[in-house]
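> In our numbering, the protein residues as written are 6 to 396.
I have a structure here, written as structure tokens, and I will follow up with some questions on it.
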Amino acid sequence: MRTQVGIVGAGPAGLLLSHLLHLQGIESVVLENRSRKDIEETIRAGVLEQGTVDLLTGAGVGGRMAREGFRHHGIELRFGGRGHRIDMHALTGGRSIMVYAQHEVIRDLVKARLDAGGEILFEVEGVSVRDFDTDAPSIRFRKDGVTHDLACDFIAGCDGFHGVSRPAIPASVRTEFLRTYPYGWLGILTEAPPSAKELVYAYHERGFALLSMRSPEIQRLYIQCDPEDDIASWPDERIWGELHRRLAADGWRLTEGPVIQKGIIAMRSFVVEPMQYGRLFLAGDAAHIVPPTGAKGLNLAAADVSVLVRALVEHYRTRRAELLERYSATCLRRVWRAEHFSWWMTSMLHRSIVDDPFQQRLQRAQLDYVVSSSAAAKSLAENYVGLPFDW
Ligand code: FAD
Ligand code: DHB
């Protein structure tokens, strides 16, 4: 087997890369170890930055998103029992976000690739990336019990945080930065109409809570919990009790409905430098993780991919390697901005597990500042809707 770009992982990074390369006449093959059904049903992110929306729309895969997604011009910060709207649209000269589930983006991209005759091999096993320090890299994998070698010009490691690509880079040439947080998020999907028109990020003495949505009938809700908690210790009544208390505001009611999905995620910040080695390029969660509070993970994956596509196009059109050589440095500038923003949002909105009155006063001071100073609000808004992709 041979292709131009061998892609490991059919998450948003790998699928978008494959689609954008196809539009530029560059061939790729995507290798994914899960089934199509599994990747199309896993519940994850929900917020797309303006730049991600523009990228998907420009690539012809934004039709369903435009019809079924929710365009939001603001978010609410809720604390002290009342809400404070951050008007992102006004503060950023007309930019906004789209609430559209990650698995819907995945469905749209898988369909676009397969309709165009693209190759996505699902349920592959034993993937290993090889010889990327030479001009003839390859990816070895098993499919239906048979071992194959996919020869390619470049390998894109889009296989998420637990993938095989990053660890294949020699430890002596990579530096990893990690911060873990003593918080987890318990997320639910519930069959109830959204209780608010925009996302609500709540700071409360019992811990953070977040109200989001998926459709006119489905709400997405999160609460801060202990990352070690067993989901079994969170029966639905306990979750609703916490949501009601943490999201409480005068004259406002949270709508309840049957819980159709629930799970707990840990939170971490992580970056590997550099994001490339020889002919192997990492993109998305394979190279960096942010805590979900700033809604940046999927968007960073899209930004990496747009940089990589431009560099590969330059390579194939002109045989020049400057953009490929600068790939990691170009991406890392945005990555570290998003790392800071996500850490900052997380630190401002989560309640320390040990009682820390000094920290609590700082958090309230910061929240008061963000909702009363247009300079502070503008900074939050600019980061939240996302800096331009060529920032
Ligand atoms: P992934 O989505 O992890 O995809 C990697 C793919 O590679 C997977 O399909 C995996 O099965 C496959 N794979 C792994 N190993 C191998 C292997 N060895 N061989 C073959 N295939 C392999 N981000 C936002 O921008 N906005 C949000 O609102 C947001 N909310 C979030 C909420 C939650 C609860 C969570 C968990 C995450 C959230 N994120 C959010 C983060 C976002 O989901 C990730 O950043 C995004 O999925 C990264 O995409 P990716 O393609 O890099 O990696
Ligand atoms: C959602 C997830 C996030 O991490 C966030 O900050 C906002 C919304 C969501 O899943 O809808």
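By construction, the Cβ of each residue, glycine as well, lies at the ideal position given by its N, Cα and C atoms.
Every value quoted in this text rests on a predicted model; they were computed, and no experiment measured them.
Determine contact between the stretch 69-76 and the stretch 103-111, defined as no fewer than three beta-carbon pairs at a distance below 8 angstroms.
yes
> Examine the Cβ distances between the stretch 35-51 and the stretch 313-321 and report whether three or more of them are shorter than 8 angstroms.
Too few Cβ pairs lie closer than 8 angstroms, so no.
> Please write down, chain order preserved, every residue whose beta carbon lies under 5 angstroms from a heavy atom of the ligand DHB.
Gly51, Val52, Ser217, Arg225, Pro297, Ala300
> Note down the Cα distance separating Thr8 from Ala141, rounded to an integer number of angstroms.
Mapped onto the sequence shown, residue 8 falls at position 3. Mapped onto the sequence shown, residue 141 falls at position 136. If I take the Cα positions, the gap works out to 11 angstroms.
> Considering only C-alpha positions, which residue in the set Val264, Ala343, Leu372, Gly283 is nearest to His355?
Indexing the sequence shown from 1 puts residue 355 at position 350. The shortest Cα separation from His355 among Val264, Ala343, Leu372, Gly283 belongs to Leu372.
> In angstroms with no decimal places, state the Cα-to-Cα distance between Glu233 and Met272.
As a working note, residue 233 is residue 228 in the sequence shown. As a working note, residue 272 is residue 267 in the sequence shown. Roughly 11 angstroms separates the two Cα atoms.
> List the whole-angstrom C-beta distance separating His77 from Leu204, where the pair is believed to meet the contact cut-off of C-beta under 8 angstroms.
To locate residue 77, count along the sequence shown from 1; it is residue 72. To locate residue 204, count along the sequence shown from 1; it is residue 199. For His77 against Leu204, the beta-carbon gap comes to about 7 angstroms, under 8 angstroms, which counts as contact.
> Using the beta-carbon count (16 or more within 10 Å), is Ile80 buried or exposed?
For the purposes of this step, residue 80 is taken as the residue at position 75 of the sequence shown. So Ile80 counts as buried.
> Who are Gly11's beta bridge partners in DSSP?
Here the question's residue 11 lines up with position 6 in the sequence shown. Paired residue(s): Val34, Ile160.
> Thinking C-alpha only, which one of Ser133, Thr139, Pro199, Ser377 is nearest Ser170?
Position 165 of the sequence shown, counting from 1, holds the residue named residue 170. Nearest of Ser133, Thr139, Pro199, Ser377 to Ser170, Cα basis: Ser133.
> Among residues of its own chain, excluding the 5 on either side of Glu181, which ones have a beta-carbon nearer than 6 angstroms to its beta-carbon?
Here residue 181 refers to the residue found at position 176 of the sequence shown. Correct list, in chain order: Val277.
> At which residues does the alpha helix (DSSP H) containing Met353 begin and terminate?
In the sequence shown, residue 353 corresponds to position 348, counting from 1. Taken as a continuous stretch (DSSP letters only), the alpha helix (DSSP H) holding Met353 covers 332-354.
> Look at the alpha carbon of Gly268 and the alpha carbon of Asp43, and state the distance between them as a whole number of angstroms.
On the sequence shown, residue 268 is found 263 positions in, with the first residue counted as 1. On the sequence shown, residue 43 is found 38 positions in, with the first residue counted as 1. Their backbone Cα atoms lie some 16 angstroms apart in a straight line.
> Just verifying my parser: in three-state terms, what is the DSSP assignment at Gln29?
As a position in the sequence shown, residue 29 is number 24, starting the count at 1. When DSSP states are grouped into helix, strand and coil, Gln29 belongs to the coil group.
> Taking the alpha-carbon of Ile223 as reference, which of Glu32, Asp395, Lys202 has the nearest alpha-carbon?
Here residue 223 corresponds to residue number 218 of the sequence shown, with the count starting at 1. The shortest C-alpha separation from Ile223 is found at Lys202.
> Strictly by DSSP, which residues pair up with Glu207?
Taking the sequence shown and counting its residues from 1, one reaches residue 207 at position 202. The sequence shown places Ala at residue 207, rather than the Glu named in the question. The partner list for Ala207 (beta bridge, DSSP) reads Arg83, Ala214.
> Is Arg118 near the ligand FAD, in the sense that its beta carbon is under 7 angstroms from a heavy atom of that ligand?
Here the question's residue 118 lines up with position 113 in the sequence shown. No, Cβ of Arg118 sits at least 7 angstroms from all heavy atoms of the ligand FAD.
> Rounded to whole angstroms, what's the CA-CA distance from Leu53 to Asp360? Just pull it up for me.
Stepping through the sequence shown from its first residue, residue 53 is reached at position 48. Stepping through the sequence shown from its first residue, residue 360 is reached at position 355. Near 35 angstroms, if we compare the C-alpha coordinates of Asp360 and Leu53.
> Can you list, in chain order, the residues of its chain with a C-beta nearer than 6 angstroms to that of Arg49? Leave out the 5 residues immediately preceding and following it.
Position 44 of the sequence shown, counted from the start, is the residue given in the question as residue 49. Excluding sequence neighbours, Arg49 sits near Gln107.
> Select from Arg338, Gln55, Val66 the residue whose C-alpha is nearest the C-alpha of Arg25.
Within the sequence shown, numbered from 1, the residue matching residue 25 stands at position 20. First, the residue type needs correcting, since residue 25 is Leu and not Arg in the sequence shown. Looking at the Cα atoms, Val66 is the closest of the given residues.
> Using three-state DSSP, classify Pro187 as helix, strand or coil.
Position 182 of the sequence shown, counted from the first residue, corresponds to residue 187. Pro187: strand per DSSP, three-state reduction.
> My assumption, with CB atoms under 8 angstroms, is that Ala207 sits in contact with Leu259. Please give the rounded CB distance.
Within the sequence shown, residue 207 is the residue found at index 202, counting from 1. Within the sequence shown, residue 259 is the residue found at index 254, counting from 1. Actually they are not in contact, since the Cβ atoms of Ala207 and Leu259 sit about 11 angstroms apart, beyond 8 angstroms.
> Leaving out five residues before and five after His209 in sequence, what residues of the same chain have Cβ atoms less than 6 angstroms from its Cβ?
Position 204 of the sequence shown, counted from the first residue, corresponds to residue 209. Once the five neighbours on either side are set aside, the close Cβ partners of His209 are Arg251.
> Since Ile270 and Gly192 should fall inside the 8 angstroms C-beta cutoff, what is the C-beta to C-beta distance between them, to a whole number of angstroms?
In the sequence shown, residue 270 corresponds to position 265, counting from 1. In the sequence shown, residue 192 corresponds to position 187, counting from 1. Indeed, because the Cβ distance is near 7 angstroms, the residues count as touching under 8 angstroms.
> Look at Phe394 and Ser333 and say whether their C-beta atoms are less than 8 angstroms apart.
The sequence position of residue 394 within the sequence shown is 389, counting from 1. The sequence position of residue 333 within the sequence shown is 328, counting from 1. No. Outside cutoff.
> Is the separation between the beta-carbon of Leu119 and that of Ile111 shorter than 8 angstroms?
Numbered from its first residue, the sequence shown carries residue 119 at position 114. Numbered from its first residue, the sequence shown carries residue 111 at position 106. No, Cβ-Cβ distance for Leu119 and Ile111 is not below 8 angstroms.
> Is Arg342 closer than 8 angstroms to Leu392 when the C-beta atoms are compared?
As a first step, residue 392 is located in the sequence shown; it is residue number 387 there, counting from the start. As a first step, residue 342 is located in the sequence shown; it is residue number 337 there, counting from the start. Their beta carbons are under 8 angstroms apart, which means Leu392 touches Arg342 by this criterion.
> Roughly how many angstroms separate the alpha carbons of Asp158 and Pro279, rounded to a whole number?
Your numbering for residue 158 matches position 153 in the sequence shown. Your numbering for residue 279 matches position 274 in the sequence shown. Their Cα atoms are separated by approximately 20 angstroms.
> Going by the C-beta, is Asp290 closer than 7 angstroms to any heavy atom of the ligand FAD?
Counted from its first residue, the sequence shown places residue 290 at position 285. Remark: the C-beta of Asp290 is in contact range of the ligand FAD, defined as less than 7 angstroms to any heavy atom.
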